[in-house]
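One structure below.
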């Protein structure tokens with residue numbers, strides 16, 4: 001079976017639970033112009049909606065692109081988070097992590113992917129020669145892109161084979177990608193990785209107060225529950241499809257912010273230390289968030305916990321999701337005007 005066939009079989013309308021709301025159906029873009037149709041079908045609709053386009057797309061294309069975005073992404077209301085600020089201090093017995101007062105941070109509203117990027121999603125990037133196109137990579141990274149290969153030496157995530165994902169895991173989150181690969185995919189899609197604070201806001205805002213209530217510890221509330229996330233205590237032992245555990249989604253239908261895979265974010269990991277401690281890190285690290293299927297400690301599987309991995313880390317339990325700023329997109333009224341005019 002060809003990769004194209006596998007991808008075709010994997011694509012469908014994902015059913016999920018969104019409290020008091022319904023996720024829009026991904027649009028049939030057969031009537032869209034060919035250039036935008038191709039972008040939207042490949043989940044690159046943010047390229048159509050980007051404000052910086054020198055030649056704006058027509059209103060029909062914008063309408064379809066907005067419908068696609070609303071299917072795949074959720075609007076996270078702006079508001080405050082409490083950033084945990086633990087500090088490493090030196091003691092007579094060694095080093096200890098000491099809690100300090102949390103920082104209150106204001107986060108702007110933004111759109112975030114409802115699901116982590118899947119193997120099927122990432123395969124579109126690979127098939128489009130994403131690894132070979134310097135447009136998607138910082139110039140400083142280009143010399144090492146050739147090192148980002150799968151188990152057979154083909155361009156792709158570490159655990160793929162012959163440039164192809166495991167056919168039984170097309171709807172699982174892609175893993176075995178480093179921070180640079182995650183950023184390259186996001187760039188290709190017209191999106192970006194969320195900042196650490198944006199990621200936390202996506203999982204902790206309180207629906208009952210229009211997004212301005214007390215910050216939650218988990219998307220479903222403040223109590224840890226292994227039946228609501230794929231972590232060590234769930235006894236699954238591997239990744240699961242990104243649409244699993246839908247009952248534990250955020251109020252706007254964002255799934256699996258806790259468990260299944262850690263998620264790269266676009267924030268460097270810099271542990272806070274006091275004056276008595278020298279930062280011994282010899283590698284640049286980026287934050288990862290949310291815990292994974294093999295996360296043992298409950299304290300690590302929360303929306304507030306922060307840790308990191310080296311930028312080149314390609315682990316079996318780290319994936320990512322994308323986001324986009326509201327102000328990076330064209331006004332949605334364009335699509336509304338088009339829809340009304342077409343009735």
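Numbering (full-length UniProt numbering), first residue to last: 1 to 343. Ideal Cβ placement from N, Cα and C applies to all residues, glycine included. Being a predicted model, the structure only gives us computed values, none of them experimental.
Which of the three DSSP states, helix, strand or coil, is assigned to residue i?
i           : result
residue 163 : coil
residue 328 : helix
residue 209 : With a pLDDT of only 46 at residue 209, under the threshold of 50, the placement of this residue in the model should not be trusted; the figure read from the coordinates follows. DSSP places residue 209 in helix when its eight states are reduced to three.
residue 323 : strand
residue 106 : strand
residue 37  : helix
residue 83  : strand
residue 126 : helix
residue 235 : coil
residue 21  : Per-residue confidence for residue 21 stands at a pLDDT of 47, beneath the threshold of 50, marking its modelled position as unreliable; the derived number appears in the next sentence. Residue 21 falls in the coil class under three-state DSSP.
residue 333 : helix
residue 259 : coil
residue 68  : helix
residue 267 : strand
residue 291 : coil
residue 226 : helix
residue 217 : coil
Quick test of your reading: residue i and residue j, contact by CB under 8 Å. State the CB separation rounded to the nearest angstrom.
i           : j           : result
residue 218 : residue 303 : 6 Å
residue 293 : residue 239 : 6 Å
residue 316 : residue 241 : Between residue 241 and residue 316 the Cβ distance is about 17 Å, and since that is not below 8 Å, they are no contact.
residue 193 : residue 182 : 6 Å
residue 287 : residue 116 : Not a contact, Cβ separation roughly 16 Å.
residue 255 : residue 114 : 6 Å
residue 120 : residue 55  : Wrong, their Cβ atoms sit about 30 Å apart, outside the cutoff.
residue 311 : residue 179 : 4 Å
residue 376 : residue 58  : It is not possible to answer for residue 376, since the shown part of the chain is limited to 1 through 343.
Whose C-alpha, out of the options, is nearest the C-alpha of residue i?
i           : options               : result
residue 103 : 186, 268, 70 and 83   : 83
residue 81  : 67, 198 and 34        : 198
residue 175 : 313, 113, 105 and 285 : 313
residue 152 : 164, 141 and 323      : 164
residue 136 : 147, 166, 115 and 190 : 190
residue 270 : 284, 118, 257 and 258 : 284
residue 206 : 250, 233 and 186      : 250
residue 44  : 64, 58 and 59         : 64
residue 344 : 328, 112 and 62       : Outside the displayed span of the chain (1 to 343) sits residue 344, for which this structure offers no information.
residue 201 : 132, 75 and 125       : 75
residue 127 : 185, 141 and 266      : 185
residue 268 : 122, 134 and 308      : 308
residue 118 : 168, 141, 140 and 62  : 168
Can you name, in chain order, every residue of its own chain whose Cβ lies under 7 Å from the Cβ of residue i, other than the five neighbours on each side?
i           : result
residue 351 : In this structure the chain extends from 1 to 343, so residue 351 is not present and cannot be described.
residue 162 : 152 and 154
Keeping to the same chain, check which residues put their C-beta closer than 6 Å to that of residue i; ignore five residues upstream and five downstream.
i           : result
residue 160 : 150
residue 39  : 47 and 48
residue 331 : none
residue 158 : 176 and 314
residue 210 : Confidence is the limiting factor: at residue 210 the pLDDT is only 49, short of 50, which leaves the residue's position unreliable and the question unanswerable from this model.
Suppose the cutoff is 8 Å on Cβ atoms and the five residues either side in sequence are ignored; what does the same chain contact list for residue i look like?
i           : result
residue 301 : 224, 229, 231, 258, 259, 290, 291 and 295
residue 216 : 203, 204, 205, 206, 222 and 303
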